[in-house]
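In UniProt numbering, the protein residues as written are 1 to 292. Glycine included, every Cβ here is placed at the ideal spot set by N, Cα and C.
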């Protein structure tokens with residue numbers, strides 16, 4: 001018995017363990033950083049002594065905007081407000097599922113006027129707005145993954161806001177405690193790569209050192225195959241990324257994260273938001289998903 005062997009084409013090799021990914025076009029809200037600067041310090045990334053370049057921030061933000069448009073996203077815009085330099089970080093402006101917009105109530109006085117500004121936009125654009133009773137910073141600390149909401153606390157959003165979110169959306173909420181002040185929002189320590197309920201619990205990447213041990217136990221049990229991101233990539237907010245289920249827009253310097261994403265069948269797209277990093281934000285911070 002003879003077997004006819006043909007040498008495989010290396011360009012056609014696909015790991016059988018690599019799933020086929022399907023992108024799902026998103027609707028997102030963004031805010032142009034026309035008034036971006038750093039004049040106060042409310043996180044470890046901010047230093048008013050370091051000059052900022054508003055024109056550069058706008059140009060880098062425009063690249064992110066253009067990337068989303070190129071991916072087929074429906075990108076909505078909220079007008080920036082003079083005197084609110086952090087308004088560019090739209091993810092903190094609220095949390096939206098099933099056309100219900102849970103408003104933000106910020107911890108620091110410098111950002112508190114952003115809450116009403118975003119809620120006004122939600123109301124004017126047909127969302128069912130819920131005014132928060134508890135301190136929370138929107139999608140910065142609430143991430144929809146599969147059929148549950150991962151909810152961060154420890155620095156910004158109060159843990160009782162997790163109960164409020166559970167009551168509003170009628171979904172399970174899993175509390176995760178952040179312990180590293182450099183990763184003060186959940187979306188700086190976890191990236192949702194595939195949140196579709198069809199994939200079971202969903203797929204994420206995260207930084208273990210950002211969480212306390214009880215939270216790590218939850219993450220390890222629920223996401224045993226999660227991507228573990230290096231400290232180096234996390235330190236440039238590499239986890240602060242945004243995925244459509246196939247394309248993952250990330251910090252362009254997060255090279256090991258990029259490698260791991262490719263190995264899992266994702267298509268990483270690097271962008272440079274180094275100027276906005278001076279305010280403590282990256283790709284995801286600039287992106288609020290609008291789920292109708």
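Item                                                                                                                                                                           : Value
Would you call the segment 97 to 115 and the segment 48 to 62 touching, i.e. three or more CB-CB distances under 8 Å?                                                          : no
Hey, residue 107 and residue 135 are a contact pair by Cβ (cut 8 Å); roughly how many whole angstroms apart?                                                                   : 6 Å
Give me the Cα-Cα distance between residue 223 and residue 217, rounded to the nearest whole angstrom.                                                                         : 10 Å
I'd like to know if the segment 181 to 194 and the segment 146 to 161 are in contact, where contact means that at least 3 CB-CB pairs between them fall below 8 Å.             : yes
Closest to residue 231 by CA distance: which of 246, 248, 210 and 82 is it?                                                                                                    : 210
Any chance you could list the beta strand (DSSP E) runs of at least 3 consecutive residues sitting entirely within the segment 182 to 270, in chain order?                     : 190 to 194, 203 to 206 and 247 to 251
Evaluate contact between the segment 139 to 156 and the segment 114 to 122, counting only Cβ atoms and requiring at least three cross-stretch pairs below 8 Å.                 : no
So is residue 26 buried or exposed if we call it buried at 16+ other beta carbons inside 10 Å?                                                                                 : buried
In chain order, which beta strand (DSSP E) runs of at least 3 residues are fully inside the segment 96 to 184?                                                                 : 100 to 103, 128 to 130, 142 to 145, 148 to 153 and 173 to 177
Return helix, strand or coil for residue 13, following the three-state DSSP convention.                                                                                        : Annotation note: pLDDT 39 at residue 13 (below 50); position unreliable, no value reported.
Starting from residue 75, trace the beta strand (DSSP E) in both directions and tell me its first and last residue.                                                            : 74 to 77
Residue 227 and residue 205 - do their beta-carbons sit closer together than 8 Å?                                                                                              : yes
Tell me whether residue 5 is buried or exposed, calling it buried when 16 or more other Cβ atoms sit within 10 Å of its Cβ.                                                    : Unreliable positioning characterises residue 5 in this predicted model, as indicated by a pLDDT of 34, which lies under 50. A coordinate reading is not provided.
Would you mind working out which of 146, 196, 68 and 66 sits nearest residue 172, comparing C-alpha positions?                                                                 : 146
Can you give the Cα-Cα distance for residue 263 and residue 283, rounded to whole angstroms?                                                                                   : 21 Å
Round the Cβ separation of residue 288 and residue 239 to the nearest angstrom and send it over; I've been treating them as touching at under 8 Å.                             : The Cβ separation is near 17 Å, so there is no contact.
Under 8 Å by Cβ, that's how I've got residue 143 and residue 190 pegged, so tell me the actual separation to the nearest angstrom.                                             : 6 Å
Pairing CB atoms from the segment 18 to 32 with CB atoms from the segment 253 to 269, are three or more of them under 8 Å?                                                     : yes
Can you name, in chain order, every residue of its own chain whose Cβ lies under 8 Å from the Cβ of residue 130, other than the five neighbours on each side?                  : 100, 101, 102, 103 and 168
Could you compute how far the alpha carbon of residue 178 sits from the alpha carbon of residue 212?                                                                           : 7 Å
Just the Cα atoms here: how many angstroms apart are residue 71 and residue 132?                                                                                               : 33 Å
Among the residues of its own chain, which have a CB less than 7 Å from the CB of residue 65, if the five just before and after it don't count?                                : 30 and 75
Are there 16 or more other CB atoms within 10 angstroms of the CB of residue 242, so buried, or fewer, so exposed?                                                             : buried
Can you list, in chain order, the residues of its chain with a C-beta nearer than 7 Å to that of residue 275? Leave out the 5 residues immediately preceding and following it. : 52, 53, 56, 57 and 60
Pull up the DSSP beta-bridge partners for residue 94, would you.                                                                                                               : 103
According to the neighbour-count rule (16 or more other Cβ atoms, all chains shown, within 10 Å of its Cβ), is residue 114 buried or exposed?                                  : buried
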